[in-house]
Structure formats: C-alpha cells, structure tokens
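Worksheet: one structure, shown below.
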Amino acid sequence: MINRLKLRTIQLFKHHSLPRWLVLAIDISAVFIAFLVAYLLRYNFESYKFTWKIAIIHAVLTCFVYMFFMLILKSYSGLIRQTTIKDMFLIAVTNTSAVIVLFVITVCSRKFDLPEVFNIPGSILMIHYGAATISLVFFRVFIKMFFMYASAPSNKRKNVLIYGSGETGIIVKRMLESDPKNIYQLKGFIDDNIKLQGKKVDGFPVLSKNILTKDFIETERIEVFIFAIKDISAFKKKEVLESVIDLGLEILDTPSFDQWFNGNLQVKQLRKVQLEDLLGREPITLDLKRIDEGLKNKTILVTGAAGSIGSEIIRQLTKYNYKKLVLVDQAETPSFYLNNELMEKFTDCQYKLIIGDVTNHKKMDFIFKKYHPEIVFHAAAYKHVPVMERNPHEAFRVNVGGTKVISELAIKYKAEKFVMISSDKAVNPTNVMGATKKVCELLVQAQARRSGVKTKFITTRFGNVLGSNGSVIPLFKKQIAAGGPVTITDPEITRFFMTIPEACQLVLEAGFMGNGGEIFIFDMGKPIKILDIATKLIHLSGLEPYKDIEIKFTGLRPGEKLYEELFSDTEEELSTHNSKISIARVAEADYEGILPKINDALVNIYEKSGPEVIEAMKEIVPGYTSKYATT
Numbered sequence: 293m294i295n296r297l298k299l300r301t302i303q304l305f306k307h308h309s310l311p312r313w314l315v316l317a318i319d320i321s322a323v324f325i326a327f328l329v330a331y332l333l334r335y336n337f338e339s340y341k342f343t344w345k346i347a348i349i350h351a352v353l354t355c356f357v358y359m360f361f362m363l364i365l366k367s368y369s370g371l372i373r374q375t376t377i378k379d380m381f382l383i384a385v386t387n388t389s390a391v392i393v394l395f396v397i398t399v400c401s402r403k404f405d406l407p408e409v410f411n412i413p414g415s416i417l418m419i420h421y422g423a424a425t426i427s428l429v430f431f432r433v434f435i436k437m438f439f440m441y442a443s444a445p446s447n448k449r450k451n452v453l454i455y456g457s458g459e460t461g462i463i464v465k466r467m468l469e470s471d472p473k474n475i476y477q478l479k480g481f482i483d484d485n486i487k488l489q490g491k492k493v494d495g496f497p498v499l500s501k502n503i504l505t506k507d508f509i510e511t512e513r514i515e516v517f518i519f520a521i522k523d524i525s526a527f528k529k530k531e532v533l534e535s536v537i538d539l540g541l542e543i544l545d546t547p548s549f550d551q552w553f554n555g556n557l558q559v560k561q562l563r564k565v566q567l568e569d570l571l572g573r574e575p576i577t578l579d580l581k582r583i584d585e586g587l588k589n590k591t592i593l594v595t596g597a598a599g600s601i602g603s604e605i606i607r608q609l610t611k612y613n614y615k616k617l618v619l620v621d622q623a624e625t626p627s628f629y630l631n632n633e634l635m636e637k638f639t640d641c642q643y644k645l646i647i648g649d650v651t652n653h654k655k656m657d658f659i660f661k662k663y664h665p666e667i668v669f670h671a672a673a674y675k676h677v678p679v680m681e682r683n684p685h686e687a688f689r690v691n692v693g694g695t696k697v698i699s700e701l702a703i704k705y706k707a708e709k710f711v712m713i714s715s716d717k718a719v720n721p722t723n724v725m726g727a728t729k730k731v732c733e734l735l736v737q738a739q740a741r742r743s744g745v746k747t748k749f750i751t752t753r754f755g756n757v758l759g760s761n762g763s764v765i766p767l768f769k770k771q772i773a774a775g776g777p778v779t780i781t782d783p784e785i786t787r788f789f790m791t792i793p794e795a796c797q798l799v800l801e802a803g804f805m806g807n808g809g810e811i812f813i814f815d816m817g818k819p820i821k822i823l824d825i826a827t828k829l830i831h832l833s834g835l836e837p838y839k840d841i842e843i844k845f846t847g848l849r850p851g852e853k854l855y856e857e858l859f860s861d862t863e864e865e866l867s868t869h870n871s872k873i874s875i876a877r878v879a880e881a882d883y884e885g886i887l888p889k890i891n892d893a894l895v896n897i898y899e900k901s902g903p904e905v906i907e908a909m910k911e912i913v914p915g916y917t918s919k920y921a922t923t
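First residue of the sequence shown: 293, per our numbering; consecutive thereafter.
Quick look at the structure:
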C-alpha cells in the first residue's frame with residue numbers, strides 16, 4: 293500500500309513541479325506557524341500569559357514582511373526536489389532581512405509610542421528566526437530526500453564507490469543524490485590520501501584502495517566504480533583502473549570540467565571507461581603557434597575525408613584559422629554522415645565535400661584547378677590486410693596510384709605542403725597492404741627530390757589507431773555483445789596502438805616540421821598484446837574471460853605478422869623538438885628509377901596476374917616477401 297502510494301506520488305510530480313504560488317503559500321504558512329510556535333516557546337506553552345489576538349496580528353505582520361522579501365529575492369522559485377546550496381542561501385538572506393526589518397519596526401514602535409501590534413518582543417523574533425529557518429529548510433530537504441529515495445525502488449539501486457574524495461568526488465556524490473532518477477546508492481569513497489582514510493566526507497567513509505578485493509565487492513554488493521579525480525596523470529589513472537578492472541564492476545569516468553553542461557555535472561555525462569583510458573598515454577603538447585601560422589588563411593585538401601583518420605584530421609583543423617576545407621572521399625554513406633556532423637557540430641566550418649576517386653586524374657585535376665589547395669593531407673587508402681591480400685590489383689591501383697595522382701597535382705598546382713599518412717606495416721612488409729604503403733613512402737620521397745619542386749613532401753608513419761573503422765576494437769565489442777567467442781589469430785600477436793585524436797594531432801604537428809622529404813615516426817609507446825586488449829574489453833563489459841566469454845585462437849591470416857615495427861634495420865632514428873615525433877633517416881634509394889617502375893606497374897594493371905603485381909612491388913621494395921598472393 294505504501295509503495296503504491298509512493299509510486300503514485302512520484303508519477304504525479306515526475307513531469308510536473310509545484311506552482312510557484314503554491315510554494316510561496318507553503319513558505320508563508322510555515323512562517324505563520326513558526327511564529328505562533330515561537331510565542332508558545334517563549335511563554336513555556338502557558339498561553340494565558342499572552343493574548344492570542346495580538347500574537348496572530350504579530351504573525352500576520354511578520355508574514356507580510358517575509359512575503360515582501362520572498363517576492364524580491366524569489367526564494368520560492370527554485371525546483372524544490374533539486375534544492376541547492378544557492379537556494380539555502382536565499383532562504384537565509386530572506387529570513388535575516390525580514391528579521392532585521394521587524395526589529396527596526398519594533399524599535400520604532402517603542403520610540404514613537406506606536407500601537408502594540410507593531411511591538412513584537414525581541415525574544416520572540418529570535419526564536420521565530422530559528423524556527424522559520426528550520427521549517428523552510430526542512431520542507432525543501434524533505435521533498436528532496438523523498439524524491440532521492442523514492443524515485444528509484446531500493447531493490448534496484450546499484451551500490452557505488454567513488455574514487456576520489458576531493459572536490460570532484462563530492463560533486464559527483466551530490467549530483468547522484470540530486471538526480472530525480474537516481475539509481476545509485478553510495479557506499480563510500482576510495483582515496484589514496486592516508487590522512488583521509490578512516491574519516492568521513494560528506495557523511496560517507498573514506499576507504500583505502502587496498503580494500504578493493506573480490507570478497508569485499510561481493511560482501512558489500514558493490515556494482516559500480518566511479519572515477520572522480522580531476523588532476524591525475526594518465527599513467528596513474530591507468531594504474532587505478534587496471535587494479536579494479538577484473539572485479540566485475542561497471543566502471544564509469546567523470547568528464548573534464550570543460551565538458552560539463554553550463555558548469556554543472558549531470559549523471560548522463562558519466563561515461564563508461566574506454567580502452568583508451570587503459571593506455572596510460574600522457575596528453576600531447578603541440579606547437580599550436582607553428583600549426584596556426586601554417587594553416588592561416590589556407591585552402592586545405594583532405595583525401596579519404598570520411599575515413600577514421602581523415603575525419604579526425606578535419607575535426608582538428610576546425611580549431612584553426614584556415615580559409616576553406618576541400619574534402620574528398622569516394623564513399624557516399626560515410627560522406628553523408630561526415631556532412632551531417634560538420635553541419636551540426638561545426639557550424640562555422642567552411643568546407644566543400646566532394647565525392648570522388650583519388651585515382652581519377654581528370655576529377656582530381658578539376659578539384660585542384662578550381663580550389664588550388666595550398667595544404668594537402670592525403671589519407672585516402674585501402675588498409676585492411678586480409679582483404680588487400682586477396683586484391684593486390686586494387687591495393688596497388690588505389691594506394692599507390694592515388695598517391696601518385698594527388699602528389700603530381702600538388703606539384704602542378706604548386707601546393708605548399710603534401711602530407712601522406714603511412715603505416716607501420718610499411719616497415720619490412722610481408723603483406724600487400726604494407727608493401728603498397730612502402731611504395732607510397734618511396735614515391736613521396738622521390739617527388740620531394742625532383743628538381744624545381746617547391747612543394748614540401750612529408751610522410752607520417754604510425755601504427756594502429758583505437759576505434760578506427762574495421763579495427764579489432766569494434767570487432768571485439770561486437771563479438772562480446774553477441775556472447776562470444778572473441779577471435780584472436782595468435783596468443784602472442786602484438787600491435788602498436790594510439791588514439792585517433794592523438795595520431796591526427798601529431799599529423800598536424802609533423803606537417804609543419806622539417807624541410808620536406810622526411811618520414812616522421814610517432815611515439816606509439818610499447819606494443820600491446822591483442823590478447824590483453826580482448827581480456828580488458830571483456831572486463832570492461834562486466835564479464836569474465838573464459839568464463840562468460842570464450843577466447844578463440846584462429847591462426848595468423850595471410851600476410852599477417854606477429855609483431856609490427858616502426859623502424860626498419862636500414863633506418864636511423866633522429867629526434868625532433870617534440871618527444872612524440874622522431875625522424876626515420878632512410879638509406880638512399882634509386883628514386884629516379886622508382887617513378888618509371890610505378891608507372892609500368894599501373895599500366896594495364898588488370899591484365900596482370902596477382903603474382904605479377906606482387907613481383908612488380910618486389911622490384912620497387914627490396915626485402916618485400918609475400919607468400920599469399922592470389923589472382
């Protein structure tokens with residue numbers, strides 16, 4: 293019966309708030325009753341010692357004064373179930389102002405011998421001040437607490453631990469309490485500060501991280517772990533998250549302050565911890581002045597614009613003072629979504645989105661002739677190793693042929709910069725995709741060495757990016773959502789990983805370093821086992837590897853390597869002013885002979901067999917080995 297009444301009350305006020313006039317009426321009623329209570333308290337509930345008529349008149353006078361300040365300060369206008377410290381402050385100011393005025397009226401009545409109705413005993417005013425404050429605050433706290441505990445059935449609440457008992461942790465705690473749909477029940481804070489451990493913060497205990505064991509989690513029925521520390525290194529954050537990842541908890545992270553809505557944190561902004569948070573990579577420091585000067589008032593061409601890297605480069609570019617973006621991609625649907633994103637999120641972005649194939653020389657020439665881009669970011673390429681291993685003709689035509697077309701047009705129309713996106717698979721390639729990327733690197737270097745060329749050619753080389761279309765991360769997430777199994781080619785296989793924004797920030801930085809002809813290598817950190825990634829993703833889903841989700845090993849695919857490299861044996865690593873970027877000093881090659889070989893391979897490419905295409909690449913890339921070429 294009680295639960296039914298509670299539910300009906302919640303449903304009644306869930307989408308409606310009390311009218312302001314009603315809140316004002318309740319407040320005035322509370323002031324009136326508090327005044328009569330003050331009279332009774334002053335005279336020890338011996339009503340014969342005072343006149344009720346005078347007491348009621350005094351109460352009415354008090355109510356008028358209070359109502360005046362309530363209307364001026366609008367202390368009644370806040371949403372009661374979301375009462376804040378600001379609302380409490382307004383109540384305090386209202387009460388204090390009203391009491392001061394009433395004291396002045398009393399003093400004046402005595403000095404000028406005014407009627408008794410204006411002469412309110414000072415002791416009653418003081419008692420009433422306390423009683424009115426308590427009643428007004430109690431009314432709001434009661435409503436707030438009712439909604440906090442009644443809006444979600446207690447048996448559906450999730451027990452929560454908040455990591456961090458500082459300012460952010462307290463904000464998260466109060467945010468959870470004030471949320472009308474709150475489904476969380478805080479059990480305490482976790483903090484590394486020994487001085488705070490064993491004490492209480494905002495009414496909840498502060499515990500040591502060492503208490504986080506499976507036994508404790510099961511005993512206390514903890515379901516959610518919220519990370520709420522603002523100033524912490526990426527490595528320390530990674531360390532904390534990895535210490536709780538295998539406890540079967542839902543792990544949530546608090547967004548940075550600049551992402552809060554109008555300076556206020558909301559429950560819906562808490563996000564699940566992502567794999568990126570477990571990389572432990574420190575934020576990148578960019579030479580923003582150099583990049584801004586390089587892009588200022590420039591028309592910029594981005595190929596492969598709708599892809600993972602191309603679209604993120606565009607997002608990064610929107611922060612700078614460019615003149616116009618020319619965005620080229622052959623994929624219609626991804627281009628449609630990119631266009632929608634730019635219109636919705638980057639309303640000031642000046643851009644032209646063009647559907648086009650980078651190997652179509654006439655179409656690309658038309659684009660260069662019309663827009664005359666000064667900066668070119670060439671990200672268009674096929675990238676999936678197994679698919680390209682079965683399609684060497686397309687891999688070479690698009691990856692190498694497209695790079696040839698765009699680089700030649702950059703020279704023809706005197707672009708200032710040409711920045712190509714390469715891959716760690718170009719190092720000692722064993723597959724078609726990696727070999728085409730190595731050919732592209734050689735092609736770009738050959739273009740840079742042509743006499744009379746003013747365009748500066750830059751190559752950027754890095755490994756896998758987390759979350760890119762078709763990468764292992766989305767695949768693993770899909771497999772986990774389907775109940776498994778998660779498939780991995782080999783238990784020992786490793787890859788370099790970095791986030792897409794990080795990679796694209798470094799692309800912009802590298803684009804304005806050096807004199808042209810360099811291959812810039814990004815610091816990818818240590819290689820990560822794909823098996824470790826799979827187990828962490830399973831844990832982040834609240835499941836247990838091998839128990840809830842099976843992990844299956846399928847064997848290496850055609851052209852796949854156990855590990856990737858960022859430098860070949862013939863390359864020397866040179867440092868730059870940015871610790872995240874190095875230069876690969878490459879051995880001299882027959883650059884004059886590279887372009888004719890590429891042209892020969894591209895001519896009538898579909899009349900060649902798969903092995904013939906492979907052999908053509910072997911002539912260009914010494915050391916390229918391939919075992920799995922098909923027609």
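Backbone N, C-alpha and C define an ideal beta-carbon position, used for all residues, glycine too.
Computed from a predicted model, the values in this text were never measured in an experiment.
According to DSSP, residues forming a beta bridge with residue i
i	result
A876	E865
M790	V757
E542	V516
F496	V493
N451	Q477, I514
H664	According to DSSP, H664 bridges with nothing at all.
M712	H670, T751
Among the options, nearest to residue i - alpha-carbon criterion
i	options	result
Q737	G648, A876, K345, F410	A876
K889	L734, V799, F788, A773	L734
T546	G540, K529, V536, S535	K529
E794	N756, G808, T779	N756
G422	K345, Y331, D621	Y331
I419	R334, E700, Q566	R334
I426	N451, N387, G414, V396	N387
E856	G776, D716, K706	D716
A773	S548, P783, I830	I830
I698	P684, E686, I713	I713
V731	I825, T779, G915	G915
E585	A520, G803, F481	G803
R607	M635, T625, V778	M635
E852	F812, A718, T868	A718
G929	Q739, S833, S525, I416	Residue 929 cannot be examined here, being either before or after the span of the chain that is shown, 293 to 923.
S600	P626, Q622, L609	P626
Which of helix, strand or coil DSSP assigns to residue i
i	result
T610	coil
L304	With a pLDDT of only 47 at L304, under the threshold of 50, the placement of this residue in the model should not be trusted; the figure read from the coordinates follows. Helix, per DSSP.
D507	helix
T751	strand
T386	helix
D523	coil
I412	coil
D379	helix
P311	coil
E856	coil
I480	Looking at the sequence itself, residue 480 is Gly, so the reference to Ile does not match. Note: G480 maps to strand in three-state DSSP.
I592	strand
Y643	strand
Classification of residue i by the beta-carbon crowding that lies within 10 angstroms, buried from 16 upward
i	result
M656	buried
R312	exposed
F814	buried
Q642	exposed
F754	buried
E810	buried
L299	Residue confidence for L299 is low, a pLDDT of 49 falling below 50, so the modelled location carries little weight; the figure read from the coordinates is stated next. The residue in question, L299, is exposed, as its Cβ has fewer than 16 Cβ neighbours within 10 Å.
P684	buried
E864	exposed
L541	buried
S901	exposed
F788	buried
*When the Cβ atoms of the region 493–508 are set against those of the region 461–474, are three or more pairs found closer than 8 Å?*
yes
*So, do the region 658–671 and the region 590–606 have three or more beta carbon pairs nearer to each other than 8 Å?*
By the Cβ criterion, the region 658–671 is in contact with the region 590–606, since at least three pairs of Cβ atoms, one from each stretch, lie closer than 8 Å.
_Inter-stretch contact at 8 Å, needing at least 3 Cβ pairs: the region 887–902 / the region 828–846_ = Short answer: they don't touch.
*With a cut-off of 8 Å, do at least 3 Cβ pairs link the region 694–711 to the region 820–835?*
no
*Is the region 354–362 touching the region 313–322, taking contact as three or more C-beta pairs under 8 Å?*
yes
*Validate contact between the region 698–710 and the region 676–690 using beta carbons, cut 8 Å, 3 pairs*: no
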